[in-house]
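Each remark here refers to the structure printed beneath this line.
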Amino acid sequence: MISNDEIKNLSRKFDIDEATVLREYFEVLFLTNLYSFKESSKILFKGGTSLRLLLNSFRFSEDLDFTSLLENNELISVIEKTYKKMKNFITNINLKNIEIKRDSMITYLSYQEKNMKFPLNIHIEFSTREKPLTIKETILITPYPVILYPFIVHLDWEEILAEKIRALLKREKGRDLFDIWFLLSKDIKIDMDIVNKNMEYYNEKIKLEDIIDKIKNFNEEYLILDLTKFLPRGHRKIIKDLKNLTINKILKSI
60 MISNDEIKNL
70 SRKFDIDEAT
80 VLREYFEVLF
90 LTNLYSFKES
100 SKILFKGGTS
110 LRLLLNSFRF
120 SEDLDFTSLL
130 ENNELISVIE
140 KTYKKMKNFI
150 TNINLKNIEI
160 KRDSMITYLS
170 YQEKNMKFPL
180 NIHIEFSTRE
190 KPLTIKETIL
200 ITPYPVILYP
210 FIVHLDWEEI
220 LAEKIRALLK
230 REKGRDLFDI
240 WFLLSKDIKI
250 DMDIVNKNME
260 YYNEKIKLED
270 IIDKIKNFNE
280 EYLILDLTKF
290 LPRGHRKIIK
300 DLKNLTINKI
310 LKSI
């Protein structure tokens, strides 16, 4: 278990609150244990947390997202084994209600100590609706105290970018816009074939202009409300320029 001193030191290093540091430690711990099982070769990490932990994004996250190729009973077994390994040395952590939906499986980890007013929760979702178009492996190197640095199986960055574009078009969350900008800043290109393969879920096909229009019309208030708590204090000033920065990145990539 991470010590209070380690939490305080990382909080200062990352310029973020201690609760966010503790949450990220549990995210890393879940991944470290999950990918210790051979079945996890069929579980692909994705989403904003994958960018944070594998590509050094400076946006923190409160959830873990995956695409799973396992049968439901196999996936439940891996989740429960992962939790059991965590529980062996973190007694105050609990796994809540594994919920099977039509195209996903959802659960969350909850941690609470006596001095905490509210539990610390991590939402965990495994998408089972689509087959991945890409597969990549990256070693998880982390400043958090874990025994091993595992190889993490994940979607390739172009496909994560495509999923983020789809999310941007279908919901109003500033984190999606930030993640798109971050990937573009890492010279990850928008592949419209992969984007439209993702859009097939909604029976839609889009053009690059549709993405730009969505960014132009993105609600500034939603952007601020959703993003502020996930960014280090010294980086929050980027929010006001994020729409223009992202559009410029897209135009330069054409």
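In the numbering used here, the protein residues as written are 60 to 313. Using N, Cα and C, we set each Cβ at its ideal position, and we do this for glycine too. Since we're looking at a predicted model, the values are computed, not measured.
- Contact annotation: T108 and P191 have beta-carbon atoms that are not nearer than 8 Å.
- For S244 and K264, the gap between their C-alpha atoms comes out near 25 Å.
- Proximity of the stretch 175-182 to the stretch 210-227 falls short of the contact definition, fewer than three beta-carbon pairs being nearer than 8 Å.
- Per DSSP, reduced to three states, the secondary structure at L304 is helical.
- Contact between the stretch 286-299 and the stretch 226-238 is present: three or more C-beta pairs spanning the two stretches fall below 8 Å.
- Here DSSP, grouped into helix, strand and coil, assigns Y142 to helix.
- At least 8 Å separates the beta-carbon of I165 from that of E139.
- Excluding sequence positions up to five before and after I274, its CB lies within less than 7 Å of the CB of L236, K302, T305 and I306, all in the same chain and listed in chain order.
- Following the DSSP letters along the chain, one finds E268 in no beta strand (DSSP E) but inside the alpha helix (DSSP H) bounded by residues L267 to K275.
- Shortest Cα-Cα distance from K223 to any of G106, N68, E77 and I198 involves G106.
- About 25 Å separates the beta carbons of I249 and S163, which is beyond the 8 Å limit, so they are not a contact pair.
- With at least 16 other beta carbons inside 10 angstroms of its own, M258 counts as buried.
- Per DSSP, M164 lies in no alpha helix (DSSP H) segment; the continuous beta strand (DSSP E) that holds it begins and ends at S163 to Y170.
- Secondary structure of F125 (DSSP, three-state): strand.
- In the assembly as shown, E158 is an exposed residue. Its beta-carbon has fewer than 16 other beta-carbons within 10 Å.
- Residue environment: N92 is assigned as buried (16 or more neighbouring CB atoms within 10 Å of its CB, all protein chains considered).
- Bounds of the alpha helix (DSSP H) holding K67 are N63 to F73.
- With a contact defined as Cβ atoms closer than 8 Å, L110 and D252 miss out at about 21 Å.
- By alpha-carbon distance to L267, the top candidate from L154, R292, F210 and L228 is L228.
- Pairing T187 with L128, the inter-Cα distance amounts to about 7 Å.
- When the five nearest sequence neighbours on each side are left out, the beta carbons in the same chain lying within less than 8 Å of the beta carbon of Q171 are those of N151, F177, P178 and L179, in order along the chain.
- Under the criterion of beta carbons closer than 8 Å, V137 and E98 qualify as touching, at roughly 5 Å.
- Under the three-state reduction of DSSP output, T197 falls in the strand class.
- By the Cβ neighbour-count rule, Y84 is buried, with 16 or more other Cβ atoms within 10 Å of its own.
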